[in-house]
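Residue numbers (the numbering used here): 8 to 266. Ideal placement from N, C-alpha and C gives every residue a C-beta, glycine not left out. These numbers were taken from a predicted model, which means no experiment stands behind them. Here is the structure we will look at.
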């Protein structure tokens, strides 16, 4: 009733269940002056809730023999858990807690900020990361949601606050903006009451709309990035391909792998 879409794929083989809560909002909804906000927010939701610290969240997942991960892309944000069938109900409760009640503690924000700034420095020394960043900017332009990196910039990561992340979370982490995708040894009759208990009283909201800037890629046919002293080079031949709505999309992916 609150708008949450639930998709179930019963897989009766191994006694394992995986669940991903996917939101339709990703980095394409970042404010122009806050690149990386969606990704920073996703990185923070499992760093503390109203009732659990970051360490308690990690310990609870480990005690249940499961795993918990969060992340974002241009078009979506995800929080995922995997567990044995017998501990999946508790893992689903843990997933609901980190998604619905993150606390954005100041010490964890600072720790995550330092880690992200270190990653940005490391990316400047990694030829693969450099090539990926230049490729994206060349194809789409730096203002397009596909034209930058999920981490954002050093300036934006230094400036973003817990309040920024909490506001982004409040707007976009809502049930009518989400789908819960469950796969494994669990039936609909078993899953339905678990979802109702974990997410039934979750309130609807009005999520942000993605900022779809026009593609403004480079007109250059050859782009050279000179990085003296590197032991290896990267060579990329790229173009913007067909959209996912193309009927032949999967066939073209197979063709590209063969190529």
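In angstroms with no decimal places, state the Cα-to-Cα distance between residue i and residue j.
i	j	result
residue 8	residue 129	46 angstroms
residue 237	residue 243	17 angstroms
residue 231	residue 34	27 angstroms
residue 212	residue 57	20 angstroms
residue 98	residue 183	22 angstroms
residue 66	residue 13	27 angstroms
residue 41	residue 160	9 angstroms
Just list the residues that DSSP pairs residue i with in beta bridges.
i	result
residue 109	56
residue 85	29, 78
residue 13	187
residue 91	23
Could you tell me whether the Cβ atoms of residue i and residue j are closer together than 9 angstroms?
i	j	result
residue 77	residue 53	yes
residue 202	residue 75	no
residue 167	residue 109	no
residue 26	residue 87	yes
residue 222	residue 148	yes
What do you reckon, is the C-beta of residue i under 8 angstroms from a heavy atom of the ligand SAM?
i	result
residue 148	Looking at this structure, you won't find the ligand SAM or any other ligand, since it has none at all.
Exposed or buried, what is residue i when buried is set at 16 or more other beta-carbons lying within 10 Å of its beta-carbon?
i	result
residue 157	buried
residue 48	buried
residue 233	exposed
residue 89	buried
residue 262	exposed
Determine the extent of the beta strand (DSSP E) in which residue i is found, giving its start and end residues.
i	result
residue 188	185-191
Quick check on the DSSP output: the alpha helix (DSSP H) that includes residue i runs from which residue to which?
i	result
residue 203	195-206
residue 35	From DSSP, residue 35 is part of no alpha helix (DSSP H); its letter is neither H nor E.
residue 164	161-166
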